[in-house]
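Enquirer: This is the structure, below, for whatever I ask next.
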Amino acid sequence: MADRPMDPIQGFAFALEVKGVTEAFFREASGFGSENDVIEYKQAGPKGVTMIHKMPGLLKWQNINLKRGITDNTDLWAWRQKVIQGKIEDARINGSVVAYNEDGAEVIRYNFVRGWPSKWTASGVNAQGNEVIIEEIEIVHEGLERATG
């Protein structure tokens, strides 16, 4: 444990990396987590007292959600189309979501295993406004690790 307090990590930009190549930059990234179901079982203890034990059950990974202003790059759309066309094994990839600070230095990396896009959406448009159209992709996967720096 370090002797000095550590400052929280700030993410200024997020990138999706696939096969070592940065595919896209995003303004928001979430869903870096896992949880286990909890299995409870009862056991008769001394003097007839019931004891409840808890142990980890099924492991579940959160889906990764990425949001950005839409561009003319269609790589994410094409990736989603593989799933729509039933080419799921072609769509499964290992990749990373990388956070960068304001100076462009990598500050944290999450590596995912066998990910594929389960959802792609674009925000609504309004000719009366000047809002950026937001593209969102949801990636399901079979494992996640926080890489050490």
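Under the working numbering, the residues of the sequence shown are numbered 983 to 1131, in order. C-beta atoms are modelled at their ideal positions from N, C-alpha and C, and glycine is treated no differently. Nothing here was measured: the structure is a model prediction, and the numbers come from that model.
(1) Return the first residue and the last residue of the alpha helix (DSSP H) that residue 1109 is part of.
(2) By DSSP, does residue 1057 sit in helix, in strand, or in coil?
(3) Below 7 Å CB to CB, which residues in the same chain sit around residue 1012 once its five sequence neighbours on both sides are set aside?
(4) Look up residue 1099 in the DSSP assignment and give the residues it is bridged to.
(5) Secondary structure at residue 990, three-state DSSP: helix, strand or coil?
(6) Assuming residue 997 contacts residue 1082 (C-beta within less than 8 Å), just tell me the rounded distance between them.
(7) Closest to residue 1118 by C-alpha separation, out of 1096, 1103, 1009, 1028, would be which residue?
(8) Leaving out five residues before and five after residue 1090 in sequence, what residues of the same chain have Cβ atoms less than 6 Å from its Cβ?
(9) Whole angstroms is fine: what's the gap from residue 993's alpha carbon to residue 1114's?
Expert: By the coordinates alone:
(1) No alpha helix (DSSP H) holds residue 1109; DSSP gives it neither H nor E.
(2) helix
(3) 1047
(4) 1121
(5) coil
(6) 7 Å
(7) 1103
(8) 991, 1081
(9) 21 Å
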